[in-house]
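Visitor:
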Amino acid sequence: MDSSDVKAVSREAGDHPALETAARVGYAVNGLLHVMIGVIALQLAWATSKLTADQSGALGALSGNPFGKLALWVAVVGWLGLGLWQVTEAITGSFETPDRVKAAAKAVVYLVLSWTAFGFARGGKGDSGKQSTDFTRWLLGAPLGVWLVGLVGVAVFGVGVYHVVKGWKRKFLADLESDPGDFVEVAGRYGYIAKGIALGVVGGLFVVAAARHRPSEADGLDGALHTLLEAPGGKALLTVVALGLIAYGVYSFGRARHADV
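Numbered according to UniProt numbering, the sequence shown spans residues 1 to 261.
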């Protein structure tokens, strides 16, 4: 099978109604995840929460009841479908190489999310912050580890800036095949900017971890939100970001219907 055959098979798979439906479900599940993380972050700002404000905290909350378990199995299928659809986009997409790389990176993210949800659905547990810390510790132990961790931080910070710009300039509308309405558009703009701020802080923590040789500094999204809380005016700042994550979730629900898949 040569490359043209691979592209033909990939194009056929990407256009299959079942995969397109699974991809839309994946966007909807992504919306649920962000809403839950936003709610946990609000609890962190104004009350107390035993849950971590990241994907492991949200998925762990779902695993605690029968309805949540069902939602987790839906998440497994949805994120798997979205990940596979991104793979087909990376192979057959008509866009330039950087966009193909972005599609491949998104595929990895969604496939990892699917695997993580699968673990929680089967009764397992996870800690995103610990995984981030362990990864940083391993990377620091590698040759040029400090530079590698710093590079990861800069890359994540760059992704955060990209989200802010994408939200501010409404570039996310290019991902949709139809007009989602003013409410979803406003939610998307606010959501992308807030998520970008959170990712920017995550990237900054990786840079700090590299500079201080402390893997514990890079503890993921939950650590970033705690950092916002500890800043001057932290409660208000964290509230703004938390509401933004919820808004991103609302946009993702709209994207599930209007996405160009």
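All C-beta atoms, glycine included, are put in the ideal place defined by N, C-alpha and C. Small disclaimer: the values here were computed from a predicted structure and weren't measured.
Can you tell me which of L139, V74, E20 and L205 puts its alpha carbon nearest to the alpha carbon of T116?
Guide: T116 has its Cα closest to that of V74, out of L139, V74, E20 and L205.
Visitor: Per DSSP, which residues does A259 bridge with? Please list them.
Guide: Per DSSP, L176.
Visitor: Give the C-beta separation of D219 and S114 to the nearest angstrom, bearing in mind that I take them to be a contact with Cβ-Cβ under 8 Å.
Guide: Contact flag wrong, Cβ pair sits at about 23 Å.
Visitor: Within the same chain, show all residues whose beta-carbon is closer than 6 Å to that of G167, passing over the 5 residues directly before and after it, in chain order.
Guide: For G167, where only same-chain residues beyond five positions count, the Cβ hits under 6 Å are R189, Y192 and I193.
Visitor: Compute the Euclidean distance between the alpha carbons of T88 and P17, then round it to the nearest angstrom.
Guide: Looking at the two C-alpha atoms, the distance is approximately 14 Å.
Visitor: Would the segment 239–257 and the segment 20–30 be scored as touching if the rule is three or more Cβ pairs under 8 Å?
Guide: The answer is yes - the segment 20–30 touches the segment 239–257, with three or more Cβ pairs under 8 Å.
Visitor: Counting Cβ pairs, one atom from each stretch, are 3 or more of them under 8 Å apart for the segment 198–216 and the segment 138–149?
Guide: Touching, yes, given that three or more Cβ pairs across the two stretches are closer than 8 Å.
Visitor: Considering just the uninterrupted stretch of the alpha helix (DSSP H) at S56, what are its terminal residues?
Guide: First-last of the alpha helix (DSSP H) with S56: Q55 to L62.
Visitor: What residues in its chain sit with their C-beta under 8 Å from that of H163, if we drop five residues either side in the sequence?
Guide: Taken in chain order, the residues that qualify are Y192, I193, K195, G196 and L199.
Visitor: If you measure between the beta carbons of L238 and L245, is that distance less than 7 Å?
Guide: It is not a contact, given that the beta carbons lie outside the stated cut-off.
Visitor: Between which two residues does the alpha helix (DSSP H) holding E185 run?
Guide: That run of the alpha helix (DSSP H) goes D182 to R212.
Visitor: Tell me whether K169 sits in a helix, a strand or coil according to DSSP, three-state version.
Guide: Of the three classes helix, strand and coil, the one that applies to K169 here is coil, per DSSP.
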